[in-house]
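Below is one structure, written out as structure tokens, with a few remarks after it.
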Ligand SMILES: Cc1cc2nc3c(=O)[nH]c(=O)nc-3n(C[C@H](O)[C@H](O)[C@H](O)COP(=O)(O)OP(=O)(O)OC[C@H]3O[C@@H](n4cnc5c(N)ncnc54)[C@H](O)[C@@H]3O)c2cc1C
């Protein structure tokens with residue numbers, strides 16, 4: 003059986019890996035290249051508590067486990083790190099968050115002002131949530147490693163844009179994991195434009211031990227001299243808004259205001275209108291779409307890629 007997967011982002015690559023695991027051949031198509039869409043622009047935060055008030059994401063344990071498996075596979079194929087495993091801290095930006103972050107959590111811990119001062123002396127927040135299982139994925143190396151792993155298992159890559167599904171009639175199955183391009187299928191998803199700043203730490207400054215989330219976030223990258231400040235949620239790309247991220251993050255981590263900007267990264271997240279979970283929808287005989295990863299693509303791409311591969315295998 004041969005399946006065509008359109009889109010080499012987190013969704014398409016996860017699906018590709020899991021199909022190969024089930025003995026199904028895959029040709030992966032991407033108009034731009036591996037990570038050419040939102041995945042390549044993402045700032046890499048992976049943890050179970052992304053909601054404003056840190057409500058645990060549905061299916062968080064399974065999702066973290068499935069993502070962790072893919073990280074290990076990518077690290078093995080690449081022969082080097084594709085993520086920082088040093089945890090993530092969220093800082094409370096208002097009274098509501100201060101209260102919410104003090105709830106008991108099974109795998110996270112509240113931080114009071116003293117603990118914050120000790121570990122993050124430059125941070126101005128007075129309450130926080132420490133998430134030791136949190137990881138920061140380095141998008142470029144991770145996508146590269148995951149693709150290498152798929153290639154080693156026999157996947158084929160074609161760097162071209164698929165305009166019409168009829169072009170793929172020779173395949174036994176087709177999956178569209180093509181991100182923003184899926185708007186034309188009138189699915190229950192909304193496009194959200196996201197931007198992030200790639201910045202250089204000032205030479206003299208001590209680097210942070212982990213990624214920080216407050217009003218916006220600061221993510222570690224594979225280059226210890228660089229970090230990402232993210233990210234915006236808009237209805238269109240807006241450079242002025244992207245450039246304001248330094249001040250926004252400076253509101254809880256003032257050194258960010260002095261960072262040198264190296265690049266602006268951009269991508270479109272497709273968010274489900276039905277909730278936070280991704281969408282797997284059959285759109286014809288042996289044809290599916292895999293979308294709606296929204297701002298939790300890293301949390302859910304492993305789990306939902308695995309489940310879609312199982313659905314395809316069962317129906318073949
Ligand atoms: C600035 C930013 C920061 C983010 N930060 C985080 C974060 O910290 N944590 C997190 O979990 N998520 C984050 N996200 C969201 C995450 O990136 C997305 O959920 C995820 O990338 C979606 O993956 P995808 O595979 O569905 O789509 P995409 O990554 O967009 O992949 C779709 C691919 O399909 C290709 N394509 C499109 N049309 C065609 C066609 N017709 N033919 C061939 N190829 C085609 C594109 O070139 C692209 O490579 C962020 C997103 C942005 C933009």
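Numbering (this note's numbering), first residue to last: 3 to 318.
Note that CB positions come from ideal geometry on N, CA and C, so glycine has one too.
Buried or exposed (CB count within 10 angstroms, at least 16 for buried), residue 137: buried
Going by the CB atoms, is the gap between residue 308 and residue 49 shorter than 8 angstroms? no
In terms of alpha-carbon separation, which member of 99, 102 and 70 lies closest to residue 85? 70
If we ignore side chains and look at the alpha-carbon of each, how far apart do residue 78 and residue 11 end up? 19 angstroms
Would you say the beta carbon of residue 282 is closer than 7 angstroms to some non-hydrogen atom of ligand 1? no
Verify whether the separation of the beta carbon atoms of residue 189 and residue 278 is less than 8 angstroms. no
For residue 186, the three-state DSSP class (helix, strand or coil): helix
From the DSSP output, read off the bridge partner residues of residue 303. The partner list for residue 303 (beta bridge, DSSP) is empty, contrary to what the question assumes.
Taking 7 angstroms as the cut-off, is the CB of residue 197 close to at least one heavy atom of ligand 1? yes
Neighbour-count burial assignment, residue 41, 16 or more Cβ in a 10 Å radius: buried
Reduced DSSP secondary structure (H/G/I, E/B, other) of residue 115: helix
Taking the C-alpha atoms as reference points, what is the distance between residue 216 and residue 92? 6 angstroms
Note down the Cα distance separating residue 221 from residue 172, rounded to an integer number of angstroms. 42 angstroms
If you draw a straight line from the alpha carbon of residue 106 to that of residue 51, how long is it in whole angstroms? 13 angstroms
Chain-order list of residues whose beta-carbon lies under 6 angstroms from that of residue 62 (same chain, five-residue window excluded): 50
Where residue 24 and residue 305 are concerned, what is the direct C-alpha to C-alpha distance, given to the nearest angstrom? 15 angstroms
Rounding to the nearest angstrom, what Cα-Cα distance links residue 218 and residue 267 in this structure? 15 angstroms
Thinking just about the alpha-carbon of each residue, which of 310, 298, 33 and 299 is nearest to the one in residue 159? 33
Answer yes or no: the CB of residue 164 versus the heavy atoms of ligand 1, is any distance below 7 angstroms? yes
Own chain partners of residue 187 with C-beta closer than 8 angstroms, once the 5 adjacent residues on each side are dropped: 178, 285 and 291
Going by the CB atoms, is the gap between residue 29 and residue 191 shorter than 8 angstroms? no
In angstroms with no decimal places, state the Cα-to-Cα distance between residue 255 and residue 103. 19 angstroms
At which residues does the beta strand (DSSP E) containing residue 265 begin and terminate? 262-274
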